[in-house]
Amino acid sequence: EEKLAQLKKLSNVFLARHWEHEERPEAIKALKGMIDGAEKFLVTGRNLTKDTNPEKDVFTQVEIDTLDKVITETNAWLKTETAAQKKLAKNADIRLTVKDITDKMSLLDREVKYLVNKIKIWKPKVKPAAEKEKKKEEEVVASGSGDDTKSEEAEQQQEQATKEEQQEQEPVDEITPTPAEEETKTPHSEL
77 EEKLAQLKKL SNVFLARHWE HEERPEAIKA LKGMIDGAEK FLVTGRNLTK
127 DTNPEKDVFT QVEIDTLDKV ITETNAWLKT ETAAQKKLAK NADIRLTVKD
177 ITDKMSLLDR EVKYLVNKIK IWKPKVKPAA EKEKKKEEEV VASGSGDDTK
227 SEEAEQQQEQ ATKEEQQEQE PVDEITPTPA EEETKTPHSE L
């Protein structure tokens, strides 16, 4: 039994190295595919920042820069590690392991998923009431350069609008007509 344990211990080193050599190309291919997808998403994401598209400011510049940094670091790491691994002999210790590749994939995946979830829950900012009030104020400021009557009219309009809003919000009591008392009249005769 001791001999079997020693043989397994020695053979596990070779089997693990063989497994790494077999699985590494597929892992590298998956990482490259993930990098390509992240780069395409980055191009789309750059169009959804406040600087490029103020109406759809889903992402901040910091988030875009972070994703760009992760992509470039992963690309550079992959190139250097694959070159270093190719220089090594097949029987030498492994430098680029499948675990390292999956760690880089998870880091890249985490950044992309964060931005994808952010775009899923993003809702455009609604400002119709605020914009109307600003326009009214701008009109008052622009046209009211000395005219008190125009500013008073604008104030009255605003007061009226707020009163209407309050009336809409208050519950309205239902009015039910009370039946009139029936008088005892002589029946009408038809002609």
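Numbering (the numbering used here), first residue to last: 77 to 267.
Using N, Cα and C, we set each Cβ at its ideal position, and we do this for glycine too.
Beyond the five residues adjoining it in sequence on each side, D176 comes within less than 8 Å, by CB distance, of E157 in the same chain, given in chain order. Contact check for L143 against E187 passes: the beta carbons are separated by less than 8 Å. The shortest C-alpha to C-alpha distance from D179 to any of L191, T150 and K194 is the one to T150. In this structure, E96 keeps its C-beta atom at 8 Å or more from the C-beta atom of T148. Beta-bridge analysis with DSSP links F117 to no other residue. The alpha-carbon separation between M110 and T120 amounts to approximately 15 Å. Comparing C-alpha distances from I170 to each of E98, K194, L80 and Q82 shows the shortest one belongs to E98. For R186, the enclosing alpha helix (DSSP H) begins and ends at V174 to I197.
Look at T148 here: in three-state DSSP terms it is helix.
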